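Enquirer: Protein chains in written order, with my numbering: chain A, 147 to 336; chain B, 147 to 336.
Structure incoming, see below.
There are 2 protein chains.
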Amino acid sequence: MECIEAILTRRSCRKFKSQEVESEKIKTMLECAIFSPSPANKQPWDFIVATNPDYNHLLKEASDEAKKKLVERSGWKWMPKFKIDFITEAPVLIVVIGDPTRNGAEQFLDVPSQGYQQACSAAIQNMLLAAHSQGLSTLWLSLFEKSDVRRIFNISQDKDPIAIICVGYPDVIGDAPPRKGLETKVTYLD
Amino acid sequence: MECIEAILTRRSCRKFKSQEVESEKIKTMLECAIFSPSPANKQPWDFIVATNPDYNHLLKEASDEAKKKLVERSGWKWMPKFKIDFITEAPVLIVVIGDPTRNGAEQFLDVPSQGYQQACSAAIQNMLLAAHSQGLSTLWLSLFEKSDVRRIFNISQDKDPIAIICVGYPDVIGDAPPRKGLETKVTYLD
């Protein structure tokens, strides 16, 4: 699939088929992940690929708990209706783990930025696009307490589980949520 | 350009031609930026496109100052030799500005993550790929104090200037920095 077309047609997926995902396609996603840029080439990422459904169930329990809290704390009216069954359904989960010690020189600024988080997010976007261009769909999940994900996937305390990518063949593909136009988002200085 | 090929062949560029960049290509980059996913579709990004060389010079000054500090504080031996003339040379600068108030529900977790930063980083990666697939090259710059960038580009205190993307036609394209192999980065749980 052409690159710009892939970027513009990628959608988040909340309803996966049970169809198995070829391991070669997951490997391509991961190769694309590690080809994202990182500050000082620190490559501050690790990945866990979970295909045993036990992990989906444990994660779903943790996300249900997190959701309960967030419904209460956010007061957002759409949240109680937000279904997260896709967590159980996705045939593959990819846990993206950042290493907070692997930042670039920006860590020494007066106001440091967290390059490792930015690099991991770029790696995630590469994976979402690589999935889409291979006919797969994804959901970038951050509805969990990091402590739960550390426990479930046996991740050490010094690592930062940034997101979990749910991967599978799409059963339903929704419309793109509306975007605010560029005219409201871009200022030109020329 | 095919999507996975674009991901695997994109390189950071540190030597740009003076050749002008077509505004349509920049617009395509920005359209790709806003088609990245964001938590709860909050679209927590704004962009400044600067093509007046005055901005390059002001930014270069600020980055030189930042670099001096980082050479001293990091002790990293390669840093003094790290040339940042590309900041002056890049025909286009795109400032990516995050809005820390526009996070998704993850802001209400016990240990909140900063969804706006992750979304902006995904938007940046989309731009880098869209640039590359149109024959342009880029450099993801975070070598600046945010206060300087706020001053130079007139950005309010409540917004977070996350990165500046230097854009232009490449004069020199370096090799890809070596990546650690997947076997050191991926754990399979099946």
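We put the CB at the ideal spot given by N, CA and C, even for glycine.
As the structure is a prediction and not an experimental result, all values here were calculated from the model.
Along the stretch 163 to 184 of chain B, where does the CB come closer than 8 Å to a CB of chain A? Name the residues.
Expert: Within the stretch 163 to 184 of chain B, the residues whose Cβ lies closer than 8 Å to some Cβ of chain A are K173, T174, L176, E177, C178, I180, F181, S182 and P183, listed in chain order.
Enquirer: Which residue from B:V167, B:K326 and B:I150 puts its Cα closest to that of B:C312?
Expert: The sequence position of residue 312 of chain B within the second sequence is 166, counting from 1. Minimum Cα distance to B:C312 is reached at B:V167.
Enquirer: Between A:M225 and B:P324, what straight-line distance do the alpha-carbon atoms span, to the nearest angstrom?
Expert: The sequence position of residue 225 of chain A within the first sequence is 79, counting from 1. The sequence position of residue 324 of chain B within the second sequence is 178, counting from 1. Those two C-alpha atoms are separated by around 43 Å.
Enquirer: Would you please verify whether the beta carbon of B:A236 is less than 8 Å from any beta carbon of chain A?
Expert: Translated into the one-based positions of the second sequence, residue 236 of chain B becomes position 90. No, its Cβ sits nowhere closer than 8 Å to a Cβ of chain A.
Enquirer: Between the Cα of A:A269 and those of B:K188, B:K331, B:T174 and B:L176, spot the shortest distance and give me the residue it belongs to.
Expert: For the purposes of this step, residue 269 of chain A is taken as residue 123 along the first sequence, with counting starting at 1. Selected option, being the one with the closest Cα: B:K331.
Enquirer: Establish whether the CB of A:S267 and some CB of chain B are separated by less than 8 Å.
Expert: Here residue 267 of chain A is taken as the residue at index 121 of the first sequence, counted from 1. Yes, because at least one Cβ of chain B sits closer than 8 Å to the Cβ of A:S267.
Enquirer: For B:F115 and A:G314, what's the separation of their Cα atoms in angstroms?
Expert: No answer is possible for residue 115 of chain B: it lies beyond the span of chain B, which begins at 147 and ends at 336.
Enquirer: Quick check: the stretch 186 to 197 of chain B against the stretch 228 to 248 of chain B, are there 3 or more CB pairs under 8 Å?
Expert: Yes, the stretch 186 to 197 of chain B is in contact with the stretch 228 to 248 of chain B.
Enquirer: How close, in whole Å, do the beta carbons of A:A152 and A:S283 come, if the pair is a contact with beta carbons under 8 Å?
Expert: As a position in the first sequence, residue 152 of chain A is number 6, starting the count at 1. As a position in the first sequence, residue 283 of chain A is number 137, starting the count at 1. Not a contact, Cβ separation roughly 12 Å.
Enquirer: What residues in its chain sit with their C-beta under 8 Å from that of A:N202, if we drop five residues either side in the sequence?
Expert: As a position in the first sequence, residue 202 of chain A is number 56, starting the count at 1. A196, I233, T234, E235, A236 and L239.
Enquirer: Starting from the N-terminal side, write out each stretch of the alpha helix (DSSP H) that is 4 residues or longer and does not extend beyond the stretch 155 to 190 of chain B.
Expert: If we require 4 residues or more, the alpha helix (DSSP H) runs fully inside the stretch 155 to 190 of chain B come out as 169 to 180.
Enquirer: Kindly identify the DSSP beta-bridge partner or partners of B:A265.
Expert: Your numbering for residue 265 of chain B matches position 119 in the second sequence. Bridge partners of B:A265: none, in fact.
Enquirer: Would you call B:V318 buried or exposed, if buried means 16 or more other Cβ atoms sit within 10 Å of its Cβ?
Expert: One-based indexing of the second sequence puts residue 318 of chain B at position 172. Exposed: under 16 other Cβ atoms inside 10 Å.
Enquirer: My output table needs one value for A:V241: the three-state DSSP class, helix, strand or coil.
Expert: Looking up residue 241 of chain A in the first sequence gives position 95. Correct three-state label for A:V241: strand.
Enquirer: Show which residues of chain A have a CB atom less than 7 Å away from the CB atom of B:Y334.
Expert: On the second sequence, residue 334 of chain B is found 188 positions in, with the first residue counted as 1. Near B:Y334 (Cβ distances below 7 Å), the residues of chain A are V195.
Enquirer: Considering only the beta carbon of each residue, do B:I308 and B:I230 sit closer than 8 Å?
Expert: Working through the second sequence from its first residue, we reach residue 308 of chain B at position 162. Working through the second sequence from its first residue, we reach residue 230 of chain B at position 84. No, they are not a contact pair.
Enquirer: Pick out whichever of A:L289, A:D256 and A:I194 has its Cα sitting closest to the Cα of B:S220.
Expert: Stepping through the second sequence from its first residue, residue 220 of chain B is reached at position 74. Among A:L289, A:D256 and A:I194, the Cα nearest to that of B:S220 belongs to A:D256.
Enquirer: Strictly by DSSP, which residues pair up with B:D317?
Expert: As a position in the second sequence, residue 317 of chain B is number 171, starting the count at 1. B:D317 pairs with nothing; no bridge assigned.
Enquirer: Look at the Cβ atom of B:F299, then the Cβ atom of B:S209, and state whether they are nearer than 8 Å.
Expert: As a working mapping, residue 299 of chain B is identified with position 153 in the second sequence. As a working mapping, residue 209 of chain B is identified with position 63 in the second sequence. Their beta carbons are not under 8 Å apart, which means B:F299 does not touch B:S209 by this criterion.
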